[in-house]
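A.B. asks: Following this message is one structure expressed as structure tokens.
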Amino acid sequence: MAFVLSDEELAAAHISETEARLALALQLFQDDRVTLTRAAAIAGLHQMDFQRQLAQRKIPLHYDLEMLEEDLQHAAGLKPL
13 MAFVLSDEEL
23 AAAHISETEA
33 RLALALQLFQ
43 DDRVTLTRAA
53 AIAGLHQMDF
63 QRQLAQRKIP
73 LHYDLEMLEE
83 DLQHAAGLKP
93 L
């Protein structure tokens with residue numbers, strides 16, 4: 013499903029498409045509705061750039077024990093540099 017805002021709707025809100033995508037991604041992440049990876053994709057940003065946006069707005073990362081375990085499992089499967 014595609015979600016479309018017309019140029020007129022964006023102009024009426026005084027916001028660009030890029031700003032709208034970022035605002036949506038930030039809110040969805042803050043509400044714990046999407047993961048960090050998904051929010052960064054919605055915003056059209058690299059994950060580190062999205063994290064910088066979160067930090068600028070003082071929005072904390074949602075990182076729990078389950079996520080740590082997933083990251084550790086993922087890291088264990090990576091080849092050393």
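With the working numbering applied, the sequence shown corresponds to residues 13 to 93, in that order. We treat Cβ as the ideally placed atom computed from N, Cα and C, and that holds for glycine.
1. Give a yes or no on whether the C-beta atoms belonging to residue 22 and residue 29 are separated by under 8 Å.
2. Considering only the beta carbon of each residue, do residue 54 and residue 69 sit closer than 8 Å?
3. Which value, in whole angstroms, describes the spacing of the CA atoms of residue 48 and residue 20?
4. So, helix, strand or coil for residue 45, using DSSP?
5. Between 89, 56, 83 and 90, which has its C-alpha nearest residue 38's C-alpha?
6. Count the other CB atoms, across all protein chains shown, that sit within 10 Å of the CB of residue 51; report buried if there are 16 or more and exposed otherwise.
7. Do residue 66 and residue 73 have their beta-carbon atoms positioned less than 8 Å apart in this structure?
8. Taking only runs of the alpha helix (DSSP H) that begin and end inside the region 56–81, which ones reach a length of at least 4 residues, in chain order?
C.D. replies: The answer reads as follows:
1. Taking the sequence shown and counting its residues from 1, the one referred to as residue 22 is at position 10. Taking the sequence shown and counting its residues from 1, the one referred to as residue 29 is at position 17. Going by C-beta atoms, residue 22 is nearer than 8 Å to residue 29.
2. By 1-based counting over the sequence shown, the position of residue 54 is 42. By 1-based counting over the sequence shown, the position of residue 69 is 57. At a Cβ-Cβ threshold of 8 Å, residue 54 and residue 69 do not count as neighbours.
3. Reading the sequence shown from its first residue, position 36 is the one you call residue 48. Reading the sequence shown from its first residue, position 8 is the one you call residue 20. For residue 48 and residue 20, the distance between alpha carbons rounds to 30 Å.
4. As a working note, residue 45 is residue 33 in the sequence shown. In this structure, DSSP gives residue 45 a state outside helix and strand, which the three-state scheme calls coil.
5. For the purposes of this step, residue 38 is taken as the residue at position 26 of the sequence shown. Residue 38 has its Cα closest to that of 56, out of 89, 56, 83 and 90.
6. The count along the sequence shown starts at 1 and reaches residue 51 at position 39. Burial state of residue 51 is buried, judged by a 10 Å Cβ sphere holding 16 or more other Cβ atoms.
7. As a first step, residue 73 is located in the sequence shown; it is residue number 61 there, counting from the start. As a first step, residue 66 is located in the sequence shown; it is residue number 54 there, counting from the start. Taking 8 Å as the Cβ cut-off, residue 73 and residue 66 qualify as a contacting pair.
8. Within the region 56–81, the complete alpha helix (DSSP H) runs of at least 4 residues fall at 59–68.
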